[in-house]
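*Asks:* Residue 123 in numbering that gives the first Met the number 0 sits at position 124 of the sequence shown, and the numbers go up by one each step. We treat Cβ as the ideally placed atom computed from N, Cα and C, and that holds for glycine. Can you read through this structure? Questions will come right after.
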Amino acid sequence: MSELAELTESIKNGKRKIAVKIVTEELEKNTDAGELLAALVEGMDIVGQRFKNNEIFVPEVLIAARAMKESMTILEPILVTAGIKPEHKVVIGTVKGDLHDIGKNLVAMMLKGANFEVIDLGSDVAPDAFVKAAQESGAEIVAMSALLTTTMPSMRETVEALKAAGLSTKTMIGGAPVTRQYAEEIGATGFAADAATAVDMVRDLVSA
Ligand code: B1M
0 MSELAELTES
10 IKNGKRKIAV
20 KIVTEELEKN
30 TDAGELLAAL
40 VEGMDIVGQR
50 FKNNEIFVPE
60 VLIAARAMKE
70 SMTILEPILV
80 TAGIKPEHKV
90 VIGTVKGDLH
100 DIGKNLVAMM
110 LKGANFEVID
120 LGSDVAPDAF
130 VKAAQESGAE
140 IVAMSALLTT
150 TMPSMRETVE
160 ALKAAGLSTK
170 TMIGGAPVTR
180 QYAEEIGATG
190 FAADAATAVD
200 MVRDLVSA
């Protein structure tokens, strides 16, 4: 098996130390940083697919994401020097009044794994904070998570606040009580039921 294939495997299986070792050694051998990034992203893509198919669950995804994150810590400065940077930005947060951030963090990690620049505003994020972040970053997408039925209206308020600010930013929503029908009702651009689908959705939205 080639080193790149082994790197993909190590992410897929959440083998953090092996992934970090391969990235370090390959950089010493002057392997192209872009190729290493592609191998890492491929590993996270497989993790996303397996999660979507219920073949693995949240803990395995978190372990893989940690392996990805540590590998990226080493790779990132090299990518920056080489001028390779994420092409698209996503602002993400859990909406106002809502402190649940485990699902949102999972979505953020998977997006980073897919090489998106993620501006994570955390939880309990007010509509105007989403607007400010979208304006300042120029992100193409604002992604919102809600776990409480009582905080879902804040998604509508955020969609409206973005429009009122004259931004053409696309919006994606998700979280256990959120449905596609609700997304349509409030005028959100997209809905995703899980973190892997969220990555597919963001890819579709930025290429549309
Ligand atoms: Co809370 N809580 N909680 N809670 N809590 C729920 C959500 C609840 C369903 C439990 C219950 O009653 N059965 C219930 C909500 C009822 C409702 O509104 N329908 C509830 C309640 C009522 C509350 C409090 C009000 C309790 C109280 O104080 N009386 C309170 C509210 C606090 C607040 O937010 N203001 C509260 C507090 C908490 C804790 C702080 C203790 C803790 C949160 C810790 C944290 O997140 N840092 C907590 C937890 C852990 C839960 C449960 C047990 C687990 C949620 C979770 O993390 N799931 C939850 C019950 C349950 O779901 N079984 C519950 C795992 C996570 C990976 O899944 O977030 O759904 P999830 O994310 C998924 C998808 O939804 C999707 O992708 C993820 C992975 O595939 N997804 C997106 C999520 N965001 C997305 C965004 C996207 C796309 C997909 O695009 C942008």
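1) Under the three-state reduction of DSSP, which class applies to Thr188: helix, strand or coil?
2) What's the call for Asn104, buried or exposed, on a 16-neighbour Cβ count within 10 Å?
3) Under DSSP, the beta strand (DSSP E) around Ala142 begins and ends at which residues?
4) Could you check which residue in Leu3, Asp119, Leu35, Thr7 has the C-alpha nearest to that of Ser136?
5) List the endpoints of the continuous alpha helix (DSSP H) containing Asp193.
6) Could you check if Val60 is buried or exposed, using at least 16 other CB atoms within 10 Å of its CB as the buried criterion?
7) Please say whether Asn114 and Pro236 have beta carbons closer to each other than 7 Å?
8) Any heavy atom of the ligand B1M closer than 6 Å to the CB of Asp100?
*Replies:* The relevant details are as follows:
1) Along the sequence shown, read from residue 1 onward, the residue named residue 188 stands at position 189. The answer is coil: DSSP assigns Thr188 none of H, G, I, E or B.
2) Here residue 104 is taken as the residue at index 105 of the sequence shown, counted from 1. Flag for Asn104 reads buried.
3) Translated into positions along the sequence shown, residue 142 becomes position 143. Unbroken beta strand (DSSP E) run through Ala142: 140 to 144.
4) Translated into the one-based positions of the sequence shown, residue 136 becomes position 137. Considering only alpha carbons, the answer is Asp119.
5) As a first step, residue 193 is located in the sequence shown; it is residue number 194 there, counting from the start. First-last for Asp193: undefined, no H or E at that position.
6) Within the sequence shown, numbered from 1, the residue matching residue 60 stands at position 61. Burial state of Val60 is buried, judged by a 10 Å Cβ sphere holding 16 or more other Cβ atoms.
7) Residue 236 lies beyond the range of the chain shown here (0 to 207); nothing can be said about it.
8) In the sequence shown, the residue the question calls residue 100 occupies position 101. Yes, Cβ of Asp100 sits closer than 6 Å to a heavy atom of the ligand B1M.
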